[in-house]
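Peer 1: The sequence shown begins at 1 in UniProt numbering and counts up one residue at a time. Got a structure here, written out as structure tokens. Questions coming.
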Amino acid sequence: MAMDGFKDGCHCCRWQWLSGPRASSRDAIAGQWVSDENFEEQAARNGGIIKHGREILFQAFNWESHKHNWWSNLEEKVVDLAQSGFTSAWLPPPTQSLSPEGYLPQNLYCLDSCYGSLHDLQALLRKMKEHNVRAMADVVINHRVGTTQGSNGMYNRYDGIPVSWDEHAVTSCSGGKGNESTGDNFDGVPNIDHTQPFVRKDIIDWLIWLRESIGFQDFRFDFTKGYAAKFVKEYIEQSKPLFAVGEYWDSCEYSPPDYRLNYNQDKHRQRIINWMDSTGGLCAAFDFTTKGILQEAVKGELWRLRDPEGKPPGVMGWWPSRSVTFVENHDTGSTQGHWPFPSDHIMEGYAYILTHPGIPTVFYDHFYGKDDSFHGGIAKLMEIRKCQDIHSRSAVKILEASSDLYSAIVDDKLCMKIGDGSWCPSGPEWKLAASGDRYAVWHKLTAFTGPGNLPWEGGLRFLPSEDAD
């Protein structure tokens, strides 16, 4: 989440994976090797979604979606989303909020928002369930706007609404009487003190309500740098979403004087991996490392897409089953444009993430933009991914990574290239499956195209955590 300020609430809200993955220090010391049998046991405990590894997510909104009757708009697109192959749709924050976008929540149990009424939301969720597209709730629990002033004159009490906390629910560094924050502060609003048992109980109750009573199945945790990952672990353990992903948006490494992106982003991806490890591997994370590198690489620097060990350079290269890859989102793109992907290279971005390991995410504006120019291309890449059974743990062999050309073979059944450089795979077994401006994808005619057992590298895997695959 990123906000440059906020507007008044809308009228309807009156209240309203060995070189990687890198293990953590304790695991590196322990030298934890885990057999396939143990992995299967752990994966079953963590849930079938991550074990399955064949997710494709859809971000179902942009920064301006609140200006429209959004739940009804999305309901009309559910059939297309299902037919395209999306498994989960990330919806905007559903609660009443001081800001119309939903990222300044106040009354957690009021689901009449600027995106539409509770009735419209329930109709959308029913249709999504009918077509086997899971609903992902955007969970904003780093901060919460108060309803009444506390003793210091700040609005850090929550009188008159459900979950009526007092100032002890607010961190001391944001004007409350609670404890110090366990993460970064989100300025301008009361930050929730997750060290308080009563706060955690109320949040867990609310998450369970969202899942059991409202119909959300997956959770996206907003601004997770604001509170300790151990709390995310607790919330997931107690509320039991089918899938969870966190927004751990950390700054990449740049060098002065021109602040050009550094080639080596190992420290950046390690921080994201450390965060996921601290959740016990229960929560995936958006792969901001891959986004940052990819959007520079497509501008004539495709050498960036191979790290010194010959692997993908993002979180995808170290812990692919927890890497949620994306080209753009409501903060980086849309009308905010905080960290935009080059607009004339969008399909190169999708040709990369939809053919590679990790869990790819498609952004609303790219699938349902004003001219729908990317819809067909993205849908075709999704179809190829599914037909060739490419999944979050698929093996990548990078063939070329130069200034104007990147090419790779994935699971020895799919081949792809991006960039201006001319290239195609040798051998009669390869058939062109899709192509467009500066990208092409081939599939192997003899490739196995049905779901089956996941490939293993040497029969053993090194895990970042005892609770993760």
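All C-beta atoms, glycine included, are put in the ideal place defined by N, C-alpha and C. This one's a predicted model, so the numbers in the text were calculated from it and none came from an experiment.
1) On the three-state DSSP scale, how would you describe glutamate 400?
2) Where does glycine 349 fall in DSSP's three states?
3) Do asparagine 107 and proline 197 count as a contact pair if the criterion is CB distance below 8 Å?
4) With 8 Å set as the bound, which would you pick, yes or no: does the beta-carbon of alanine 395 sit closer than that to a beta-carbon of chain B?
5) By the three-class DSSP mapping on this structure, what secondary structure does cysteine 114 have?
6) Are the beta-carbon atoms belonging to isoleucine 214 and leucine 111 less than 8 Å from one another?
7) Quickly, what does DSSP pair threonine 148 with across the bridge? List them, please.
8) Should tyrosine 259 be labelled buried (16 or more other beta-carbon atoms within 10 Å of its own) or exposed?
9) Which one of Ala408, Leu242, Pro312, Gly292 has the shortest CA to CA distance from leucine 282?
10) For glycine 188, which option in Ser99, Ala135, Phe216 has the closest C-alpha, if you only look at C-alpha atoms?
11) Quick check on DSSP: helix, strand or coil for phenylalanine 231?
12) What residues in its chain sit with their C-beta under 6 Å from that of isoleucine 353, if we drop five residues either side in the sequence?
13) Does the beta-carbon of proline 94 have 16 or more other beta-carbons within 10 angstroms, so that it is buried, or is it exposed?
14) Please state the DSSP three-state secondary structure of arginine 134.
15) Please report the residue range of the beta strand (DSSP E) in which lysine 417 lies.
16) Start and end of the beta strand (DSSP E) containing tyrosine 103?
17) If lysine 127 sits next to glutamate 75, beta carbons under 8 Å apart, how far is it from one beta carbon to the other, in whole angstroms?
18) Does the beta-carbon distance from leucine 57 to tryptophan 90 come in below 8 Å?
19) Judging by CA-CA distance, which residue of Ala60, Leu294, Trp63, Met416 is the nearest neighbour of glycine 436?
20) If we require 3 or more residues per run, which beta strand (DSSP E) segments fall completely within the region 186-261?
21) Residues in the same chain with beta-carbon distance under 7 Å from valine 78, minus the five sequence neighbours each way, listed in chain order, please.
22) Rounded to whole angstroms, how far is the Cβ of glutamine 149 from the Cβ of phenylalanine 363, which I believe are closer than 8 Å?
23) Output needed for proline 455: all residues of its chain with C-beta closer than 8 Å, excluding positions within five of it in sequence on either side, in chain order.
24) Is cysteine 114 buried or exposed, if buried means 16 or more other CB atoms sit within 10 Å of its CB?
25) So, helix, strand or coil for leucine 282, using DSSP?
Peer 2: With the given structure in hand:
1) Within the sequence shown, numbered from 1, the residue matching residue 400 stands at position 400. Reduced to three states, the DSSP call for glutamate 400 is strand.
2) Translated into positions along the sequence shown, residue 349 becomes position 349. Reduced to three states, the DSSP call for glycine 349 is helix.
3) Walking along the sequence shown from the start, residue 197 turns up at place 197. Walking along the sequence shown from the start, residue 107 turns up at place 107. No, the Cβ-Cβ distance between proline 197 and asparagine 107 is not below 8 Å.
4) Among the protein chains of the structure shown there is no chain B, as only one such chain exists.
5) Counted from its first residue, the sequence shown places residue 114 at position 114. The three-state secondary structure of cysteine 114, taken from DSSP, is coil.
6) Locating residue 214 in the sequence shown gives position 214, where the first residue counts as 1. Locating residue 111 in the sequence shown gives position 111, where the first residue counts as 1. Yes, the Cβ-Cβ distance between isoleucine 214 and leucine 111 is below 8 Å.
7) Counting from 1 along the sequence shown, the entry for residue 148 is found at position 148. Residue pairing from DSSP places threonine 148 in a beta bridge opposite Arg157.
8) Counting from 1 along the sequence shown, the entry for residue 259 is found at position 259. When all chains shown are included, tyrosine 259 counts as exposed.
9) The residue labelled residue 282 in the question sits at position 282 within the sequence shown. If we check each option's Cα against that of leucine 282, Leu242 comes out closest.
10) As a first step, residue 188 is located in the sequence shown; it is residue number 188 there, counting from the start. From the listed residues Ser99, Ala135, Phe216, the smallest Cα separation to glycine 188 is found for Ser99.
11) What you label residue 231 is simply residue 231 of the sequence shown in a count that begins at 1. Secondary structure of phenylalanine 231 (DSSP, three-state): helix.
12) Against the sequence shown, residue 353 aligns to sequence position 353. Annotation for isoleucine 353: Thr325, Pro360 place their beta carbon closer than 6 Å to its own, counting only its chain and skipping 5 residues before and after.
13) For the purposes of this step, residue 94 is identified with residue 94 of the sequence shown, where counting begins at 1. Buried, since its Cβ has 16 or more Cβ neighbours within 10 Å.
14) Position 134 of the sequence shown, counted from the start, is the residue given in the question as residue 134. Residue state, collapsed to three classes: strand.
15) To locate residue 417, count along the sequence shown from 1; it is residue 417. Lysine 417: member of the beta strand (DSSP E) spanning 414-418, first to last residue.
16) As a first step, residue 103 is located in the sequence shown; it is residue number 103 there, counting from the start. Segment: none, tyrosine 103 is in no beta strand (DSSP E) and carries neither H nor E.
17) The residue you call residue 127 lines up with position 127 of the sequence shown. The residue you call residue 75 lines up with position 75 of the sequence shown. The Cβ separation is near 5 Å, so the contact holds.
18) One-based indexing of the sequence shown puts residue 57 at position 57. One-based indexing of the sequence shown puts residue 90 at position 90. In this structure, tryptophan 90 lies closer than 8 Å to leucine 57 by Cβ.
19) The sequence position of residue 436 within the sequence shown is 436, counting from 1. Ranking Ala60, Leu294, Trp63, Met416 by Cα distance to glycine 436 puts Met416 first.
20) The region 186-261 contains these whole beta strand (DSSP E) runs: 218-221, 243-246.
21) Position 78 of the sequence shown, counted from the start, is the residue given in the question as residue 78. Here the set comprises Lys127, Met128, His131, Val133.
22) Locating residue 149 in the sequence shown gives position 149, counting from the first residue. Locating residue 363 in the sequence shown gives position 363, counting from the first residue. That pair is no contact at about 39 Å.
23) Taking the first residue of the sequence shown as 1, we reach residue 455 at position 455. At proline 455, the pLDDT of 36 sits below 50, so the modelled position is not reliable; the number obtained from the coordinates is stated separately. For proline 455, where only same-chain residues beyond five positions count, the Cβ hits under 8 Å are Arg393, Ser394, Ala395, Asp411.
24) For this step, residue 114 is matched to residue 114 along the sequence shown. Burial of cysteine 114 is indicated by the presence of at least 16 other C-beta atoms within 10 angstroms of its C-beta.
25) Here the question's residue 282 lines up with position 282 in the sequence shown. Note: leucine 282 maps to coil in three-state DSSP.
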